[in-house]
Structures are given as C-alpha cells and as structure tokens.
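Residue numbers (the numbering used here): 1373 to 2041. Even for Gly, the Cβ is constructed at its ideal location relative to N, Cα and C. A short write-up of the structure that comes next.
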C-alpha cells in the first residue's frame, strides 16, 4: 500500500497502561483508519502520565509500529504523538499585528501570528515562575478567536485589513515529560511530526467546531491522569488535569480483593460485563466475588476522583458547571463513574455520557480492533496532526542527522543537544584524576591533564549552548575530551637525589639513589599508584658509596683525588675515589673494581622475622640485600602503608651494614 505523507498520518497514544497506534488517512471531510493496533505495557512503566522506564515503553511502541508495518506493508518513520496533562500550565494571551491592507492574509501569516502568541505565553509563564519556565515546553494550543480590524472573525485566511489579532490558549508541560517521549521515539526509530496535548486531541475528535458554541466539558480519564477541556462560544477555552484516574481505581480493587495489579485490572474491566468475577488472589486461592461488592469497595476512591474532576471542571468553567460532559478513556467506563460526575456537577445524569469512536463524525474504520472510549484520543491525535502537520516543528541538522524540534518557544543549541542525548558531562568534560603519593614523608600531588571543552558550531561558526536556532540550521557538536589521569614512575622522584658520576677504583660509577616503594626495592620504571609511599635515599658521601660497594670501612682507608678523607666526605661529580684495605702490617692495599680485595666470598647467617636466613654470594651485606633472600607478603602492603625496619632492635636504614648473627624485623603499618 502506498501512503502519502500529505494526507496520511501515523498516530500514537502512549498511555499509562497501553500504547495504541493508528494509521489514518484524510478523505475529504472524513478520516479513514487504515490500520490500528493496541498493546499493553508488560509491566508498569508509566505512572500518572510520566514515562519512568524508557526501555520498556520503547518495547511497547516498537511492537505497535511493527504490527502496523506488517499490516500495511510499509515502513513507518514519522509519527504524531500527544502528552498527558501532568503538571500542566496554561496561558491565555492576545497578540496583534498591523498588516498591509493590500495584502491578502494567507496561511503562513496566520501561523506566524499564532507562534507569536505562543512566545508571548511562554514569556508570561517566565514572569510567573521565573527561570523554571525554561524547562517547560508548549505541547499544544487552541485558537480561541481571530480578530480583523478589532472584530472577532472565525478565520483570517483570504481577508484583507489593517490589523489582525488572535487569542491563543497555550498549554505547557515540563521538559521531562516531553523529553521522555522524544527518547522513546528515537529508540524506536521514529521522528515526531506533531505533538499535542491529550485533551486537545480528544476534543478534536469528540467536540467538533460545530459543537463548540455550546458550553461543554470533555474528560479523558485514562490510567494515569484525567485530562479536561472546556468549550464555549465557538472555541476550546480551558484545559486542566486531575492526577488521579484508572490506576487509583485498580489499586483499590487490588487491595479489596487481595489481588496483584494485573489481576485487579482485569477485575475492574469486567465490572460492566458480568455479575460475578472469578480470580486467583496473591496467595493462590481461587475466589469469586459479586461485581456489586467490588463496586462498593472502590466507592470511596470513585468518590474522591469524581469529586476532584467535578471541582476542576467548575474551576475551568469560571465557577459554574457546563451544560454537558463527554467522558472518554478507559477509566470512565467503570460503572457509576459518569453518574457520580453528574451528581457532583448538579447535572441530569443523561448530560454526562461516555463517548466512543461511534461519536466521531466522519470516521471510517477498516478494522474494529480498537473501539469504544479507549480509541478516541488516537484519532484526535491524527486529526490535529493532519490539520496542522509540520508547522509545530522546525528542522535542525545535528551532527549530520536531521531532527525535528517542537517550535514552542525560542529554540537554542541546548535544545538540540537533547536530541542526541548529549549530557552535561559530554559538554564540560572532566580533568584527569590526580595522583597523590608520599615521598620521604612529604605529600606530593601529580595533577591530571586538563579537560578540553566541547566544540559547538552553528552553520560553521563558533557558537554556545545559548545560540538561538532557526529552521534549517546545521549544528555540529564535538564532545568534550577528558583530561588524562596523572601517571608517575618511581624514578621521577629520584632526579634530585643523585646523578653524579665518580671514578671508583678506576671505574666510572653513576651514583643512582636507592628507591623503596611501600617498603620494597623498586626500579626507576616502577609505576606508582594512588597512596604509594616512596623512600629515596641518595648516595652522596664516600661512606654511602662504600656501603653500596659492600666495603667494610673500619678495615679500609678512603682516598679522594689522592687525598685521604673520612666517610662523611660529600662526593662531587668527577671525583676519583679509592678504597685501600689495611693489611696486618698496617699498610693499605687497593680494592679491585668489584669492591673486594680478593679471597673467598663467604656467607652470613641472620634472623629475619624469627626465621634463619643465610646470605651468600658477597663479602659484605647491607639491609636492602635481605629482600633478595626472603619472601615478603605483598598482600599485607596497601597504599599509604609505612615500612618498619629494625636491626637488633634499633631502627635501620636500607643501606645499613648487616653482619653475621644480626636480628632483623620487617613489618608494615
């Protein structure tokens, strides 16, 4: 089947309990439903008209979309939707404009005038609630009256005059309501072409223009909200909402029958059809209950809901009841619902009636899958879209993809960002994480890399999130880049603790510092972690060089540049150092390049943490050599741990000499 976008629309009614989809075609003054499908949410995903679980609602929408595509043999990519009136705010405004009397007033001029009205309404909302108004979208509006040269007129198109004006009743909902709808459509592969308010849609279906001279009220009672519209003097003059509806009735049934929510929903729906209802309660007991008993149990909830609905109708109608009330939606089908509304409004019960699809003038349905009061709103969504398709939205290209934005107020880059789910983190970015370590008892912080903020271009020029957009603009948004996390190696902190070169017994020696990380020997390339404790001990004196070369100083004489020096001599770059051992005659002999004067290299026996350890392979040993001969429990070492070294009960350093019989203790705190 071929579908023309000019006269055919895919409409979706995303409700609290179900999703209804219909493909509707305009045929002259009539509407033909080409295909329709209804599915229920598999679990409660929408509460009081607000989508809570985007993924679950997307699944339901996708099921409806796929079913309609299969029926028609086409791909559906564009859709008309409506939002429930949760947290609804309304504004009535009048705007006027001088025009050239020689120019015929056309469709575009009328739409521009209406858009000026929407902007003025949003400005007034901003004056009323402040900056919070920026988070409200216009989700629909009604033209209450046009004016030509100061006189009321039904339609401005085709006329000429000096001045035109319009009264606009604009409706606003929080951005969270609208954005959640957009998110569902985006995930389902659908693009919005029209957005309206559910009572506007229901009124478009049930209260045609020929009825609007009468003072009527429409109540669309779904599962989550009861949406209200009021007409008089030829226009819809007010919209409202009561945040109670069918789900509150279902919850009351569940409590009275000790049933789960889904079972209670089935009981509620059967109240109008059978005298007794059989079900299984939550403990698995088969039960049968008369419908009258259930109705009696839910009476207080019905009283509360209908009392609030009647009160809202009277408020919207200026303090008095309307002449008649039309009820649509599943919640209004519960027995006694309409009678209670009538009684509270002081109307004859015949004046408050349920209206179904058979009440929609000029509607032709090729299928009967969705009928009755439940199927009214989706037809109204289609009618509103077909009458005004396209002019509610502007087209913006964001990062190469065309998107449509509701033109309900001044649109800026921040609105476009929502289309690609661009978060605040993507916009700002984060600096890299710092690295904090302790070096020789002093805290050191290595700072992470700086972030690179997002880049925004509009039509190739640098822009900001506040840049105002117009139809056809091309927006490019580059995500912010996070700074790199700080990294460091142990050797980074050794640069100031050595690096000089000396000649030791004729051989060049670079005096690298000794590095200990969390109590263990470490190399220059050891990667540090948050909280590591680093000890860096530089080799600066002749005595430290002797210990590094395992030379026993009491038995040796130190010469630097041919002059004898003591162990505290501070070495300088290029010094020539010799260690000469005293023989039995008191004379000295030169050490070889490995630090020993010949002879057999023996071993020494020490005690480490209560265990005997034999050190072999060298003539002399320093404390750090012990780590090559014992196993350390690395699991005991945590960032920030301090190592405790004891030699014969006294605190020791890593370059202290270790002798045969010494008692060593190594622990971590």
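Find the nearest neighbour of residue i within the set the options, judged by alpha-carbon distance.
{"i": "residue 1748", "options": "1669, 1691, 1573", "result": "1573"}
{"i": "residue 1804", "options": "1393, 1823, 1668", "result": "1823"}
{"i": "residue 1640", "options": "1692, 1703, 1590", "result": "1703"}
{"i": "residue 1447", "options": "1458, 1434, 1459, 1457", "result": "1434"}
{"i": "residue 1404", "options": "1709, 1602, 1383, 1691", "result": "1383"}
{"i": "residue 1581", "options": "1887, 1864, 1733", "result": "1733"}
{"i": "residue 1885", "options": "1643, 2027, 1558", "result": "2027"}
{"i": "residue 1511", "options": "2030, 1520, 1457, 1766", "result": "1457"}
{"i": "residue 1534", "options": "1406, 1522, 1891", "result": "1522"}
{"i": "residue 1567", "options": "1789, 1758, 1806", "result": "1758"}
{"i": "residue 1500", "options": "1838, 1445, 1559, 1462", "result": "1462"}
{"i": "residue 1896", "options": "1865, 1913, 1601, 1912", "result": "1865"}
{"i": "residue 1537", "options": "1486, 1492, 1564", "result": "1486"}
{"i": "residue 1935", "options": "1925, 1459, 1951", "result": "1951"}
{"i": "residue 1839", "options": "1710, 1893, 1816, 1786", "result": "1786"}
{"i": "residue 1393", "options": "1679, 1682, 1746", "result": "1746"}
{"i": "residue 1643", "options": "1997, 1933, 1668", "result": "1668"}
Taking a contact to mean a Cβ-Cβ separation below 9 Å, would you say residue i touches residue j in this structure?
{"i": "residue 1545", "j": "residue 1659", "result": "no"}
{"i": "residue 1700", "j": "residue 1592", "result": "yes"}
{"i": "residue 1436", "j": "residue 1411", "result": "yes"}
{"i": "residue 1466", "j": "residue 1489", "result": "yes"}
{"i": "residue 2039", "j": "residue 2015", "result": "yes"}
{"i": "residue 1979", "j": "residue 1906", "result": "no"}
{"i": "residue 1628", "j": "residue 1670", "result": "yes"}
{"i": "residue 1887", "j": "residue 1863", "result": "yes"}
{"i": "residue 1482", "j": "residue 1541", "result": "no"}
{"i": "residue 1724", "j": "residue 1674", "result": "no"}
{"i": "residue 1753", "j": "residue 1385", "result": "yes"}
{"i": "residue 1636", "j": "residue 1620", "result": "no"}
{"i": "residue 1867", "j": "residue 1917", "result": "no"}
{"i": "residue 1830", "j": "residue 1841", "result": "yes"}
{"i": "residue 1999", "j": "residue 2030", "result": "no"}
{"i": "residue 1594", "j": "residue 1421", "result": "yes"}
{"i": "residue 1625", "j": "residue 1666", "result": "yes"}
{"i": "residue 1861", "j": "residue 1808", "result": "no"}
{"i": "residue 2032", "j": "residue 1954", "result": "no"}
{"i": "residue 1444", "j": "residue 1406", "result": "yes"}
{"i": "residue 1611", "j": "residue 1672", "result": "no"}
{"i": "residue 1846", "j": "residue 1768", "result": "yes"}
{"i": "residue 1460", "j": "residue 1553", "result": "no"}
Following the continuous alpha helix (DSSP H) through residue i, name the residue where it begins and the one where it ends.
{"i": "residue 1696", "result": "No alpha helix (DSSP H) contains residue 1696, which is instead part of the beta strand (DSSP E) from 1696-1700."}
{"i": "residue 1622", "result": "1618-1629"}
{"i": "residue 1482", "result": "1479-1501"}
{"i": "residue 1877", "result": "No alpha helix (DSSP H) contains residue 1877, which DSSP labels as neither H nor E."}
{"i": "residue 1582", "result": "No alpha helix (DSSP H) contains residue 1582, which DSSP labels as neither H nor E."}
{"i": "residue 1562", "result": "Element bounds for residue 1562: n/a, residue is neither H nor E."}
{"i": "residue 1438", "result": "1426-1444"}
{"i": "residue 1711", "result": "1709-1717"}
{"i": "residue 1823", "result": "It is not in any alpha helix (DSSP H) - residue 1823 carries neither H nor E in the DSSP assignment."}
Opposite residue i in the DSSP bridges: which residues?
{"i": "residue 1986", "result": "1977"}
{"i": "residue 1905", "result": "1810"}
{"i": "residue 1567", "result": "1453"}
{"i": "residue 1413", "result": "Per DSSP, none; premise fails for residue 1413."}
{"i": "residue 1508", "result": "1546"}
{"i": "residue 1893", "result": "1888"}
{"i": "residue 1865", "result": "According to DSSP, residue 1865 bridges with nothing at all."}
{"i": "residue 1419", "result": "1422"}
{"i": "residue 1943", "result": "Per DSSP, none; premise fails for residue 1943."}
{"i": "residue 1994", "result": "2029"}
{"i": "residue 1934", "result": "According to DSSP, which records beta bridges pairwise, residue 1934 is partnered with nothing at all."}
For the beta strand (DSSP E) that residue i lies in, which residues bound it at each end?
{"i": "residue 1543", "result": "1535-1546"}
{"i": "residue 1469", "result": "1461-1470"}
{"i": "residue 2038", "result": "2035-2040"}
{"i": "residue 1658", "result": "1658-1662"}
{"i": "residue 1682", "result": "Element bounds for residue 1682: not the beta strand (DSSP E) but the alpha helix (DSSP H), 1671-1688."}
{"i": "residue 1642", "result": "Where residue 1642 is concerned, there is no enclosing beta strand (DSSP E), although the alpha helix (DSSP H) it sits in stretches over 1633-1642."}
{"i": "residue 1613", "result": "1607-1614"}
{"i": "residue 1916", "result": "Residue 1916 -> not in any beta strand (DSSP E); alpha helix (DSSP H) instead, spanning 1914-1920."}
{"i": "residue 1395", "result": "1390-1399"}
{"i": "residue 1383", "result": "1380-1386"}
Are the region 1583-1592 and the region 1677-1695 touching by the rule of at least three beta carbon pairs closer than 8 Å? yes
The region 1940-1949 touching the region 1870-1880, judged by at least three CB pairs closer than 8 Å: yes
Stretch-stretch touch, CB-based, cutoff 8 Å, three pairs: the region 1599-1615 with the region 1516-1527: yes
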